[in-house]
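In the UniProt record's numbering, the protein residues as written are 1 to 179.
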């Protein structure tokens, strides 16, 4: 899903991600996925300069969900230690706390970066503390659930891809599902 990472859009994306996870019957992952995507989109809004365009992808493969956000700023984020009274600076630490793994990589052509996190879909087992990675996004070959779901002008779509686009990915298969 492509759009501008503006505060008014972040809540809409969170609702779309929530709806997709409900469609896949992955309700136990909703809170962590919504928190993670909110933190990544807030980072795009705060740290990428004037170009707020980004792409959100969610992919479910066998035993994990991957959420990624691509933007046009090649600078990689860094984990900061926030003061107890600070009102920001905890986003990546929160993602690390709720995810099984997370990471980032710059695009080879310098056109931006992708930051991602994974959530285990093995319910009943709390995730281990996440470690940061650089390099490829896990399961990069899988079709993203929300790619192609954007409306005209980069606006967020309804979370379901239209005709001729990738469409939502079926849980556990990595194949395109057609509603």
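We put the beta carbon where it would ideally sit given N, CA and C, even for glycine.
Keep in mind that this is a model prediction, so the values were computed, not measured.
Exposure of residue i, with buried meaning 16 or more beta-carbon neighbours within 10 Å
i, result
"residue 81", "exposed"
"residue 9", "buried"
"residue 57", "buried"
"residue 101", "buried"
"residue 68", "buried"
"residue 91", "buried"
"residue 103", "buried"
For residue j and residue i, believed in contact at Cβ under 8 Å, the rounded distance
i, j, result
"residue 98", "residue 32", "4 Å"
"residue 48", "residue 70", "Their Cβ separation, rounded to whole angstroms, is 11 Å, which puts residue 48 and residue 70 out of contact at 8 Å."
"residue 43", "residue 77", "6 Å"
"residue 22", "residue 37", "Not a contact, Cβ separation roughly 15 Å."
Span separating the alpha-carbon of residue i from that of residue j
i, j, result
"residue 119", "residue 26", "11 Å"
"residue 182", "residue 121", "Given a span of 1 to 179 for the chain in the structure shown, any question on residue 182 remains unanswerable."
"residue 28", "residue 5", "26 Å"
"residue 19", "residue 84", "34 Å"
"residue 112", "residue 95", "20 Å"
"residue 16", "residue 72", "22 Å"
"residue 35", "residue 75", "22 Å"
"residue 174", "residue 7", "Unreliable positioning characterises residue 174 in this predicted model, as indicated by a pLDDT of 34, which lies under 50. The coordinate reading is nonetheless provided below. Cα-Cα distance, rounded: 31 Å."
"residue 62", "residue 117", "16 Å"
First and last residue of the uninterrupted beta strand (DSSP E) at residue i
i, result
"residue 103", "101–106"
"residue 237", "Any property of residue 237 remains undetermined from this structure, which presents the chain solely from 1 to 179."
"residue 55", "53–61"
Extent of the continuous alpha helix (DSSP H) to which residue i belongs
i, result
"residue 2", "Note, residue 2: premise wrong, no alpha helix (DSSP H); beta strand (DSSP E) at 2–4."
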